[in-house]
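As structure tokens, the structure follows; a few thoughts come after it.
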Amino acid sequence: MAFRLDTLNGITVGIAELNGRLVAENSTILQKTCSDWQQKTPFLVFDCSNLDFIDSSGLGTIVGCLRKALEKNGDIKLAGLNAKVAMVFELTKAKKLFSIFSNAGEAAASFAASPVSSKTQ
Amino acid sequence: MKSVITLALPCDIRFTRLASQMAANTASLLASTCNADTGNWEFSHAFELAISEAFSNAVFYSTEKTASQKVTITFTLEQHRLMATIRDTNEPFSIETPEPSIENYPERGYGLMLIRTVMDTVSYIRENGENIITMSKQL
Amino acid sequence: MKTLIAIKEQYHTWVHEAFPAMHPLLLPLCNKPFIEYLIDFAILAGSREVRLLSDGQLTEVEEHCGTGSRWGIELSYANLHPADDQQQLLDKNRKFCGGGRTMILTGYNFISYNKQKSYLDLATIATDTPIASCPGGTITLKGPPESGASEKSPLAPFSITPLDSVQSYFRISMETLQTGSSRYVLPGYGSEPDCSIGKNVIISKTAQIRKPVSIGDNVQILPKTIIGPSAIIGSNVVIDNGCSVSGSIIIDNTYIGENLEIDMRIAAGNTLIDPTSGVSLTMEDPHLLVGIKTWATTAILKRKTIHALAATILLVLQFIPFILLFPLLKLQGKWKDDPYMQETGLAGALAVAISLDRFPLLLKVITGKLDIIGSSSRSTCAGKHSYPDSGPLSRLAVFSYAEAEDWPVNGSDAAIVERFHAVHSTPIKDIGMTIKALINRLTKGR
Amino acid sequence: MTITETSDGSITIVALCGTIDSSTAPELHKSPAIADTLRSVVIDLEKVDFLDSSGLGALVGTLRLKQEAKAAVLLSCMNPRVRKVFDITGTVKLFHIFDDTSAAVEYAATHNEG
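Right, dumping it as structure tokens:
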């Protein structure tokens with residue numbers, strides 16, 4: 031899981047690259063690491079272009095991360111979902127909770143366009 | 002009510018037919034006591050086939066090849082269910098054999114595949130130096 | 004006229020990949036197995052003898068279709084060689100054809116016909132070239148035409164479409180759902196058109212059903228669900244609270260977890276397929292999709308503790324009978340280490356009735372390795388289709404929910420019962436279910 | 020099991036009768052037409068009432084040997100019980116199976132030249 035910080039128009043956006051499989055065995059790692067990232071910035075992009083597979087517990091973890099981000103008036107945006115990963119988001123209606131972009135650059139830029147995300151559930 | 006029939010046969014290939022016919026007859030006996038539908042050839046054929054396979058297997062892998070060695074077959078007749086148990090004293094083996102690959106024209110290895118397909122349940126345990134295969138089928 | 008239906012395996016390999024548990028000839032289109040459409044067409048064309056030919060296994064199809072008596076025809080089964088051409092098919096079935104008029108259907112194709120029209124004239128058309136064809140199959144008439152063509156009614160239109168992918172399967176199923184009740188001979192009862200509901204179906208008061216819809220047998224539709232429009236639900240399916248299913252097919256033996264939204268998808272077991280792109284997603288947990296429920300560790304701890312307590316109580320209650328009966332059974336050689344002991348003799352029957360055969364397993368509950376009630380931990384599972392045993396919800400246990408419900412422990416419908424309860428269980432309900440399982444075993448038969 | 024051989028031109032019809040299991044299957048190889056790998060045969064199974072995997076194995080072995088020698092083995096007239104054994108094991112893919120012995124003989128004769 032590579033992580034870098036981008037500063038656009040004065041906003042610091044954290045871009046996290048998720049890769050491989052996000053399943054029950056390793057989803058707790060994301061949960062812990064995500065809290066560390068959120069110490070640095072509440073605005074995160076999860077770049078999923080190298081994420082092959084996600085199951086319900088992986089999804090649960092991402093939704094958990096989003097909940098924390100929203101508590102801190104931040105947001106998590108998703109980018110580059112493959113067909114299988116996208117299917118899980120659709121199926122569970124979790125798609126409605128996230129802003130989804132085709133690539134990480136667009137996702138990061140969208141924070142700059144509307145820095146204060148007024149996302150409601 | 003349950004009835005149990007036990008048959009102890011010498012471990013000799015000549016008795017294969019005796020074992021399988023006994024199985025077929027026991028199965029059709031159960032079928033006829035349950036209902037009038039004696040035309041259910043599939044039920045008796047399933048036992049005829051499975052016992053034929055299991056018995057020849059026991060003989061094929063027998064260690065001593067003497068008539069003193071026995072293969073014991075037990076039929077348990079329950080309501081609408083027949084259970085057959087085959088015991089032999091050969092070396093332990095596994096019933097998880099791979100299915101033969103047809104392209105190579107295999108001449109052996111179909112036996113367990115047949116048993117598994119025609120029976121509802123098949124299990125194998127090794128106990129007190131005996132291989133015990135238990136199979137059952139619902140009528 | 005007689006009909007030969009010859010389907011080579013090479014045309015339906017995709018079915019094995021997409022729906023491994025399903026025999027391709029029994030794959031349901033809407034709510035009816037594929038092969039029955041072909042048999043219906045043969046009957047509409049006046050065939051009273053039909054023979055099915057395949058180079059693969061037909062045992063399952065034989066079990067399903069039988070001798071054909073339920074359609075009032077004679078149905079027989081034979082085999083073909085993967086390299087056979089049409090002439091060879093006729094040669095190999097010469098006795099069946101008997102030199103008379105024979106219709107040959109080849110390939111894995113869907114025939115669209117109209118049950119209200121007549122196809123009887125097919126027996127009288129004098130042609131040797133295929134009367135319909137598509138990539139991978141034809142409809143051909145062979146042998147001398149029968150006399151008695153009726154001038155008045157022209158032959159009704161029909162066509163064949165290859166069933167060569169998940170995409171075509173989805174499209175044809177949906178079309179059949181929409182037009183099926185008037186065009187095809189579909190099973191099931193419908194008090195109104197475009198809505199067919201099978202046997203033993205429970206629909207919650209707060210569920211909404213939107214036409215067109217087809218629901219199979221033994222289906223549970225739980226509160227606040229929305230089924231349809233355009234939903235095909237197979238048999239032995241549970242749709243849990245708050246789901247919506249539209250424009251989708253749910254294959255037999257599938258559990259749909261809570262709060263899921265299934266739109267334009269095919270769900271089969273734990274696999275979800277996108278019928279437009281063909282992409283499929285297989286979930287690790289055997290229960291398709293349990294929703295986004297995070298598994299709180301404290302809840303697991305609570306469940307384990309209560310289960311262990313229940314196991315301790317049972318251990319204490321069974322201790323004396325066990326001490327008395329175990330040496331007796333062991334000496335008689337009737338005690339099996341297999342927990343599902345076969346009861347023999349009075350002592351054995353008694354031991355099984357009071358569930359002593361599970362006594363050694365109770366210790367594993369105390370150490371937390373098993374649950375007191377959950378999925379069957381039977382080692383030799385019968386049934387042709389096995390379900391994966393791992394995953395957070397398939398909890399191996401001493402007693403199974405199927406036993407508590409007095410459901411046959413073998414088979415795929417028991418798996419559905421177990422999945423359902425695994426999702427909806429609470430520790431207190433579990434205790435109740437355990438008592439039910441114990442009572443069921445005590446009163447069973449003897 | 021009894022074996023009856025009749026010749027029809029270059030093709031021999033081997034009619035089997037009775038039970039083919041582990042005790043009788045070895046007899047099959049004693050039949051001259053079966054043992055002669057160069058000879059094309061039609062094996063008529065009409066009177067076979069029971070076949071198990073040993074019998075099936077003997078037939079598959081015969082097929083392999085004869086095919087290597089460019090001779091044919093065709094099966095005819097199997098009853099549903101016998102067919103079931105072929106069906107379950109997937110060996111239907113290996114054999115040419117006819118419901119009529121004379122059709123099998125004709126087929127073998129025309130394909131022998133080619």
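Chains as they are written, first to last, in this note's numbering: chain A, 31 to 151; chain B, 2 to 140; chain C, 4 to 449; chain D, 20 to 133.
Cβ coordinates follow ideal geometry from the N, Cα and C atoms, glycine included.
Problem - Cutoff 7 Å: A44 of chain D Cβ touching any chain C Cβ - result: Taking Cβ atoms only, chain C never reaches closer than 7 Å to A44 of chain D, which makes this a no.
Handout entry: A440 of chain C, DSSP secondary structure in three states
Key = Residue state, collapsed to three classes: helix.
Problem - D360 of chain C, DSSP secondary structure in three states - result: Residue state, collapsed to three classes: helix.
Handout entry: Contained alpha helix (DSSP H) runs [length at least 4] in the segment 91-129 of chain D, N- to C-terminal order
Key = Qualifying alpha helix (DSSP H) stretches, in chain order: 99-108.
Problem - Rounded C-alpha distance that separates S283 of chain C from S29 of chain B - result: 47 Å
Practice task
Tell whether a beta-carbon distance below 7 Å holds between V43 of chain A and I84 of chain A.
Solution key: no
Problem - Counterpart residues of Q223 of chain C in DSSP-defined beta bridges - result: C:I205, C:V241
Exercise for the section: Name, please, each residue of chain C whose Cβ falls closer than 9 Å to the Cβ of I116 of chain D. Expected result: A81, N82, L83, H84, K95
Exercise for the section: Mind listing, in chain order, the continuous alpha helix (DSSP H) runs of no fewer than 4 residues lying wholly within the segment 108-134 of chain B? Expected result: 112-119
Problem - Assigned secondary structure, I254 of chain C (DSSP; H/G/I helix, E/B strand, else coil) - result: coil
Problem - DSSP three-state assignment for P232 of chain C, whether helix, strand or coil - result: coil
Handout entry: Within 7 Å, strictly: CB atoms of S247 of chain C and E261 of chain C
Key = no
Exercise for the section: Establish whether the CB of I52 of chain B and some CB of chain D are separated by less than 7 Å. Expected result: Between I52 of chain B and chain D, the shortest Cβ-Cβ separation is not below 7 Å.
Exercise for the section: With a floor of 3 residues, list each beta strand (DSSP E) that falls wholly inside the segment 35-111 of chain B, ordered by position along the chain. Expected result: 71-79, 82-89
Problem - Residue range of the alpha helix (DSSP H) that includes S72 of chain D - result: 72-87
Practice task
Within 10 angstroms of the Cβ of L291 of chain C, are there 16 or more other Cβ atoms? Answer buried if so, exposed if not.
Solution key: Its pLDDT being 49, under 50, L291 of chain C is placed unreliably in this model, and the value from its coordinates should be taken loosely. Buried, since its Cβ has 16 or more Cβ neighbours within 10 Å.
Handout entry: Residue-chain proximity (L115 of chain B, chain D), Cβ-Cβ < 7 Å
Key = yes
Exercise for the section: List the residues that DSSP assigns as beta-bridge partners of M106 of chain C. Expected result: Under DSSP, M106 of chain C takes part in a beta bridge, and its partners are C:T6, C:L144.
Problem - Beta-carbon proximity of G237 of chain C to R213 of chain C, cut-off 7 Å - result: no
Exercise for the section: Within the same chain, show all residues whose beta-carbon is closer than 8 Å to that of R54 of chain C, passing over the 5 residues directly before and after it, in chain order. Expected result: K5, T6, L7, I8, L78, S79, Y80, A81, N96, F99
Practice task
Taking only beta-carbon positions, decide if L55 of chain C is within less than 7 Å of chain D.
Solution key: By this cut-off, L55 of chain C is not an interface position.
Practice task
Quick one: residues in its chain with C-beta nearer than 7 Å to the C-beta of I116 of chain D, no 5 flanking neighbours on either side, listed in chain order?
Solution key: L94, M97
Practice task
Taking only runs that begin and end inside the segment 61-136 of chain C, name each unbroken alpha helix (DSSP H) of 4 or more residues, in chain order.
Solution key: If we require 4 residues or more, the alpha helix (DSSP H) runs fully inside the segment 61-136 of chain C come out as 62-68, 89-95, 97-100.
Practice task
Apply the 10 Å Cβ neighbour rule to T120 of chain D and answer buried if 16 or more other Cβ atoms are within range, or exposed otherwise.
Solution key: buried
Problem - Same chain only: Cβ atoms within 6 Å of L225 of chain C, ignoring 5 sequence neighbours per side - result: S207, D243, N244
Handout entry: Within-7 Å CB hit, I103 of chain B to chain D
Key = Yes, because at least one Cβ of chain D sits closer than 7 Å to the Cβ of I103 of chain B.
Exercise for the section: Would you check if the distance between the CB atom of A134 of chain A and the CB atom of A109 of chain A is smaller than 7 Å? Expected result: yes
Practice task
Report whether the distance from the Cβ of L92 of chain C to the nearest heavy atom of the ligand ADP is below 6 Å.
Solution key: Absence of the ligand ADP is noted for the structure shown, with no ligands found whatsoever.
Handout entry: Where P99 of chain B meets chain D, residues with beta-carbon distance less than 8 Å
Key = Simply none; closest approach about 13 Å.
Handout entry: Three-state class that DSSP yields for I130 of chain A in the structure shown
Key = strand
Practice task
Counting only the same chain and skipping the five closest in sequence on each side, list residues whose C-beta sits under 6 Å from that of L61 of chain C.
Solution key: Y80
Handout entry: Where D392 of chain C falls, given that 16 or more other Cβ within 10 Å makes a residue buried
Key = Annotation note: pLDDT 39 at D392 of chain C (below 50); position unreliable, coordinate value reported separately. That one is exposed.
Exercise for the section: Tell me whether the beta-carbon of P160 of chain C lies closer than 7 Å to the beta-carbon of T127 of chain C. Expected result: No; because the gap between Cβ atoms is not below 7 Å, this pair is not in contact.
Problem - Contacts of K112 of chain D in chain G (Cβ-Cβ under 7 Å) - result: Here the protein chains are A, B, C and D, and chain G is not one of them.
Practice task
Could you name the residues of the same chain whose beta carbon sits closer than 7 Å to that of L41 of chain C, not counting the 5 residues immediately before and after it, in chain order?
Solution key: Hits under 7 Å: I8, L108, I114.
Problem - Start and end residues, alpha helix (DSSP H) containing P45 of chain D - result: 44-47
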